[in-house]
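Asks: First, the structure itself, so that you have it in front of you.
Residue numbers (our numbering): 3 to 284.
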């Protein structure tokens, strides 16, 4: 195994050896904040839940010090929030039977610094040790700067790995901007409604973000329900709950593809579709 920074923390819910836990990974998520996994990458959790041959590895990049706080948490210090956010994430990992949960514990400033390679290197080491088949991360059209920092650093990290050892798929998911605008034939549709008790509970665990701060519990399930219903106007619903994704795999198959041009091309296709629909009616 690679040697990790002293600040990086690992939690193994079933208490097997760390090396065994990381090497059994099939599905991995690299996301910015505590609860981003449970909001955006829930497909990976469900794919591995109670499966003997599939294991989910969640990675939270930031340290939680800048988290919103209200209600019973309004007077919590940054250090208090770091502690409680990591504890909540561990509870989610235990409930969701994750194979492994990692905390890079980086300040948000590191993720938003394009020249800082510390996070890139830590992500690279985790991917190289885990060798997952599938990775979930933020989408390149997300409106949260820290999320953009994480997705770009994840792509950079994978590009540092020999192509023969890279994941087969890299998917971007919805957190701080929906992907309903993406052309239908370009969406990766994750059906996540078959264990509603589990998926709801996983979001609800993050009490520090729900109590007096943000109703992520309601908003997350509401978006999934809306995605399922509004995905197609001419068909009956194919799923109770849906998370929309974008396939970023071309970016890790061809290192010459520019990340900016890749997402702008998708936006341009959406723009052209809107234009065509209006012009044919006037």
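The beta carbon of each residue, even a glycine, is placed where N, CA and C say it ideally should be.
Does the pairing of the segment 72 to 89 with the segment 21 to 29 give three or more beta-carbon distances under 8 Å?
Replies: Segments in contact, no.
Asks: Look at the alpha carbon of residue 200 and the alpha carbon of residue 192, and state the distance between them as a whole number of angstroms.
Replies: Going from the Cα of residue 200 to the Cα of residue 192 covers about 16 Å.
Asks: Do you know offhand how far residue 38's Cα is from residue 274's?
Replies: C-alpha separation (whole angstroms): 31 Å.
Asks: Around the C-beta of residue 232, are 16 or more other C-beta atoms found within 10 angstroms, so that it is buried, or is it exposed?
Replies: Counting Cβ neighbours within 10 Å, residue 232 comes out exposed, since fewer than 16 surround it.
Asks: At which residues does the beta strand (DSSP E) containing residue 136 begin and terminate?
Replies: Counting along the chain, the beta strand (DSSP E) containing residue 136 begins and ends at 136 to 140.
Asks: Which complete beta strand (DSSP E) runs does the segment 70 to 149 hold, if anything under 3 residues is left out?
Replies: For the segment 70 to 149, whole beta strand (DSSP E) runs of length 3 or above, ordered along the chain, are 102 to 108 and 136 to 140.
Asks: On the three-pair Cβ rule with 8 Å, is the segment 91 to 102 touching the segment 10 to 26?
Replies: Result yes; three or more Cβ-Cβ pairs closer than 8 Å.
Asks: Does the Cβ-Cβ distance between residue 146 and residue 175 come in under 9 Å?
Replies: Result no, Cβ atoms of residue 146 and residue 175 do not sit closer than 9 Å.
Asks: Should the segment 163 to 173 be regarded as contacting the segment 56 to 70, the criterion being three or more beta carbon pairs within less than 8 Å?
Replies: At 8 Å Cβ cutoff, the stretches do not touch.
Asks: Identify whether residue 231 lies in helix, strand or coil by the three-state DSSP scheme.
Replies: Of the three classes helix, strand and coil, the one that applies to residue 231 here is helix, per DSSP.
Asks: Hey, would you say residue 217 sits closer than 9 Å to residue 162, going by beta carbons?
Replies: It is not a contact, given that the beta carbons lie outside the stated cut-off.
Asks: Restricting to Cα atoms, I'd like to know which of 152, 130 and 132 is closest to residue 312.
Replies: This structure gives no information on residue 312, because the portion of the chain shown stretches from 3 to 284.
Asks: For residue 250, count neighbouring Cβ atoms within 10 angstroms of its own Cβ and tell me buried if that reaches 16, exposed if not.
Replies: That one is buried.
Asks: Counting only runs that start and end within the segment 13 to 53, where is the alpha helix (DSSP H) found for 4 or more residues in a row?
Replies: Qualifying alpha helix (DSSP H) stretches, in chain order: 20 to 25, 38 to 42 and 44 to 50.
Asks: Tell me which same chain residues have a C-beta within less than 7 Å of the C-beta of residue 121, skipping the five on either side of it?
Replies: 63, 106, 108, 112, 113 and 155, listed in sequence order.
Asks: Would DSSP call residue 177 helix, strand or coil?
Replies: Coil, per DSSP.
Asks: In the DSSP assignment, find the unbroken alpha helix (DSSP H) run with residue 279 in it and report its ends.
Replies: Note, residue 279: alpha helix (DSSP H), 261 to 281.
Asks: Given a cut-off of 9 Å, decide if residue 240 and residue 227 are closer than it, judged by their beta-carbon atoms.
Replies: It is not a contact, given that the beta carbons lie outside the stated cut-off.
Asks: Taking the continuous beta strand (DSSP E) assigned at residue 186, which residues delimit it?
Replies: Where residue 186 is concerned, there is no enclosing beta strand (DSSP E), given that its DSSP letter is neither H nor E.
Asks: Would you tell me roughly how many angstroms separate the C-alpha atoms of residue 4 and residue 59, rounded to the nearest one?
Replies: Approximately 16 Å, taken between the alpha carbons.
Asks: Which of helix, strand or coil does DSSP assign to residue 194?
Replies: Correct three-state label for residue 194: coil.
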